[in-house]
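Taking the numbering used here, the leading residue of the sequence shown gets 52, the next gets one more, and so forth.
Glycine included, C-beta positions come from ideal geometry on N, C-alpha and C.
Read the structure below first, then the notes.
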Amino acid sequence: MIEFYGDYSQEAENFVLKQNAKQNVVCVSLVALLLTVVLLLIAFLCDFWLIMFFEIALVAVIVITWFAPYLERKKHLRLLLPEKVTIDRDGTIFATWQDISVAEPKDNIKKIISKGDCYYIVFRRARARDCLLQKSLLRVGNIEDFERLFAERIVRKS
52 MIEFYGDYSQ EAENFVLKQN AKQNVVCVSL VALLLTVVLL LIAFLCDFWL IMFFEIALVA
112 VIVITWFAPY LERKKHLRLL LPEKVTIDRD GTIFATWQDI SVAEPKDNIK KIISKGDCYY
172 IVFRRARARD CLLQKSLLRV GNIEDFERLF AERIVRKS
């Protein structure tokens, strides 16, 4: 069994906020792109300047979405960073956040990004929360066991 829990470093918090901001922008940009196409088609039939106003509003929404995790930093961190993560010998990950607890089998892990002093676990299922593990918060087990258990899924980034 491997367990991670404790207070995250500033670097780990910044990393998870940046990852969340990227995901938010991608999702909102896809919706905005579809709306832009629809609005441009309508612009040819209606008042051009009215439609341009809506286009500017769409750009503003994308920008606000990018900065949203940083505006209410503490609230977002409570939702993004797990309070405790336990990993069984078979690789099942049990993670507890402030509002939910999840159990994800090893097969649902898409990849594990190794970034300096932390691991960022990305799951295959869209509704599963990605999970940040800071190496210094390891309380039970050791890093070698973790890396051996997930060796085929670990991607190293600097």
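Unbroken alpha helix (DSSP H) run spanning alanine 83, endpoints: Residue 83 sits at position 32 when you count from the first residue of the sequence shown. From DSSP, the alpha helix (DSSP H) with alanine 83 extends over 61 to 96.
Range covered by the beta strand (DSSP E) that runs through phenylalanine 197: On the sequence shown, position 146 is the one that residue 197 refers to. Unbroken run through phenylalanine 197 is the alpha helix (DSSP H), 194 to 200; no beta strand (DSSP E).
Residue range of the unbroken alpha helix (DSSP H) whose run includes leucine 189: Mapped onto the sequence shown, residue 189 falls at position 138. No alpha helix (DSSP H) holds leucine 189; the beta strand (DSSP E) holding it covers 189 to 191.
Check: glycine 142 C-beta below 8 Å from any heavy atom of the ligand ADP: This structure does not include the ligand ADP; it has no bound ligands of any sort.
Which of helix, strand or coil DSSP assigns to isoleucine 102: Walking along the sequence shown from the start, residue 102 turns up at place 51. The answer is helix: DSSP assigns isoleucine 102 an H, G or I state.
For alanine 146: DSSP bridge partner residues: The count along the sequence shown starts at 1 and reaches residue 146 at position 95. Answer is Val136 and Val153.
Leucine 184 vs valine 153 beta-carbon contact at 9 Å: Taking the first residue of the sequence shown as position 1, residue 184 is located at position 133. Taking the first residue of the sequence shown as position 1, residue 153 is located at position 102. No, Cβ-Cβ distance for leucine 184 and valine 153 is not below 9 Å.
Through-space distance from asparagine 65 to isoleucine 138, alpha-carbon basis: Position 87 of the sequence shown, counted from the first residue, corresponds to residue 138. Position 14 of the sequence shown, counted from the first residue, corresponds to residue 65. So the two alpha carbons sit approximately 24 Å from each other.
Aspartate 168 versus lysine 186: straight-line alpha-carbon distance, rounded: The residue given as residue 168 occupies position 117 in the sequence shown. The residue given as residue 186 occupies position 135 in the sequence shown. One C-alpha to the other measures close to 5 Å.
Euclidean distance between Cα positions of arginine 180 and leucine 131: Sequence index remark: in the sequence shown, residue 180 carries index 129 (1-based). Sequence index remark: in the sequence shown, residue 131 carries index 80 (1-based). Answer to the nearest angstrom: the Cα atoms are 8 Å apart.
Bridge partners - valine 173, DSSP secondary structure assignment: For the purposes of this step, residue 173 is taken as the residue at position 122 of the sequence shown. By DSSP's assignment, valine 173 forms a beta bridge with Lys162.
Euclidean distance between Cα positions of leucine 84 and alanine 202: If you number the sequence shown from 1, residue 84 lands on position 33. If you number the sequence shown from 1, residue 202 lands on position 151. Distance between the alpha carbons of leucine 84 and alanine 202: 38 Å.
Three-state secondary structure assigned by DSSP to arginine 124: Numbered from its first residue, the sequence shown carries residue 124 at position 73. Correct three-state label for arginine 124: helix.
DSSP-derived helix/strand/coil call for arginine 129: Counted from its first residue, the sequence shown places residue 129 at position 78. Helix, per DSSP.
Residue interval of the beta strand (DSSP E) (run including glutamate 54): Locating residue 54 in the sequence shown gives position 3, where the first residue counts as 1. It spans 53 to 56 - the beta strand (DSSP E) in which glutamate 54 sits, taken as one unbroken run.
DSSP beta-bridge partners of valine 206: Along the sequence shown, read from residue 1 onward, the residue named residue 206 stands at position 155. Paired residues: Ile164.
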